[in-house]
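**Student:** Shown below is the structure under consideration.
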Amino acid sequence: SSGINAEWPLRPGGDKIYPSHGIRLAKTDGKVYNFVNKKARNSFLMKKNPRKIAWTVLYRRKMKKGTEQDVAKKRTRKTAKFQRSIQGATLENILAKRNQKPEVRKAQREQVVRAAKEKSKAKKEAKQTTKRKTDTKATRAAQKKVSNKNVRSKPARGNVPM
Numbered sequence: 005s006s007g008i009n010a011e012w013p014l015r016p017g018g019d020k021i022y023p024s025h026g027i028r029l030a031k032t033d034g035k036v037y038n039f040v041n042k043k044a045r046n047s048f049l050m051k052k053n054p055r056k057i058a059w060t061v062l063y064r065r066k067m068k069k070g071t072e073q074d075v076a077k078k079r080t081r082k083t084a085k086f087q088r089s090i091q092g093a094t095l096e097n098i099l100a101k102r103n104q105k106p107e108v109r110k111a112q113r114e115q116v117v118r119a120a121k122e123k124s125k126a127k128k129e130a131k132q133t134t135k136r137k138t139d140t141k142a143t144r145a146a147q148k149k150v151s152n153k154n155v156r157s158k159p160a161r162g163n164v165p166m
C-alpha cells in the first residue's frame with residue numbers, strides 16, 4: 005500500500021503516515037491497513053464508523069469542518085407566485101371575489117345560509133306530514149296489541165329451591 009490510510013488518520017488535516025511511523029495491520033484476506041496509532045487501530049478493530057467519530061478526517065469532511073470559507077454559497081431561487089384558475093372557478097371570478105368588500109361578501113354568505121336553512125326546514129315539514137298520514141291511532145293500537153302477545157312473562161324465581 006501507499007503508506008497513507010484513508011480511513012483512520014488521527015490528525016484533522018489528514019496528514020500522511022510517514023514510513024517507520026504508525027501501525028500496520030495485515031488481514032488474512034491479503035488487505036493491509038496502516039494506522040497512525042493504537043487509538044485508530046483499536047477503533048477500526050471494534051468496527052467503529054469513522055464518520056461518527058469526531059477526530060477522524062471522514063467525520064470532518066462529512067460535517068464540513070476546516071473547509072475553505074471563500075467558496076460562495078449557492079443562491080437559492082425564490083419561487084414566483086403564480087395564480088391560475090381552479091376547477092369550477094375562473095381566474096376572473098376568483099379575483100372579483102377577492103376584490104369584493106367584506107360587507108357584500110358577508111351579505112352573500114348570510115343569504116346562502118338562510119336559503120339552506122329554509123330548504124332543510126321545508127324538508128323536515130314534508131317528512132312530518134308524511135309521517136302523520138301513515139301514523140294513525142288505529143295502526144298504533146294494533147301494533148301495541150301484537151307486541152304484547154309476543155312478550156312472555158317469566159316465572160317468579162322467589163321460591164325455587166337452590
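Using the numbering used here, you'd call the opening residue of the sequence shown number 5 and step up by one each time.
From the three backbone atoms N, C-alpha and C, an ideal C-beta is built for every residue, glycine too.
Going by other Cβ atoms of all chains shown within 10 Å of its Cβ, with 16 needed for buried, is Ile21 buried or exposed?
**Tutor:** Looking at its Cβ environment, which holds 16 or more other Cβ atoms inside 10 Å, Ile21 is buried.
**Student:** Do the CB positions of Ala27 and Arg45 come within less than 7 Å of each other?
**Tutor:** Note on residue identity: the sequence assigns Ile, not Ala, to residue 27. Cβ distance < 7 Å, so Ile27 and Arg45 count as in contact.
**Student:** Buried or exposed: Pro23, going by 16 or more other Cβ atoms within 10 Å of its Cβ?
**Tutor:** With fewer than 16 other Cβ atoms within 10 Å, it is exposed.
**Student:** Where does Arg28 sit, in a helix, a strand or coil, going by DSSP?
**Tutor:** It is a strand residue.
**Student:** Which of the three DSSP states is assigned to Tyr63 in this structure?
**Tutor:** Correct three-state label for Tyr63: helix.
**Student:** Return the chain-ordered list of same chain residues with a C-beta closer than 6 Å to the C-beta of Glu114, the five sequence neighbours on each side being excluded.
**Tutor:** Nothing listed; no residue qualifies.
**Student:** With Phe48 as the anchor, note down where its alpha helix (DSSP H) starts and where it stops.
**Tutor:** Segment Lys42 to Leu49, the alpha helix (DSSP H) holding Phe48.
**Student:** So what does DSSP say about Asn53, is it helix, strand or coil?
**Tutor:** In this structure, Asn53 counts as coil in the three-state DSSP scheme.
**Student:** Where does the unbroken beta strand (DSSP E) through Asn38 begin, and where does it stop?
**Tutor:** Counting along the chain, the beta strand (DSSP E) containing Asn38 begins and ends at Val36 to Phe39.
**Student:** Apart from the five residues just before and just after Ser5, which ones in its own chain have a Cβ nearer than 6 Å to its Cβ?
**Tutor:** With a pLDDT of 41 at Ser5, under the threshold of 50, the predicted position of this residue should be treated as unreliable, and no value is reported.
**Student:** Assuming Arg55 contacts Leu49 under a Cβ cut-off of 8 Å, what Cβ separation, rounded to an integer in Å, is found between them?
**Tutor:** Actually they are not in contact, since the Cβ atoms of Arg55 and Leu49 sit about 17 Å apart, beyond 8 Å.
**Student:** Could you tell me how far apart the beta carbons of Leu95 and Arg88 are, in whole angstroms, since I believe they sit closer than 8 Å?
**Tutor:** Between Arg88 and Leu95 the Cβ distance is about 6 Å, and since that is below 8 Å, they are a contact.
**Student:** Can you tell me which of the three DSSP states Ala93 falls into?
**Tutor:** Residue state, collapsed to three classes: strand.
**Student:** Given that a residue counts as buried once 16 or more other Cβ atoms are within 10 Å of its Cβ, and exposed if not, what is Thr134?
**Tutor:** Looking at its Cβ environment, which holds fewer than 16 other Cβ atoms inside 10 Å, Thr134 is exposed.
**Student:** Under a three-way DSSP split, which group does Pro23 fall into?
**Tutor:** DSSP places Pro23 in coil when its eight states are reduced to three.
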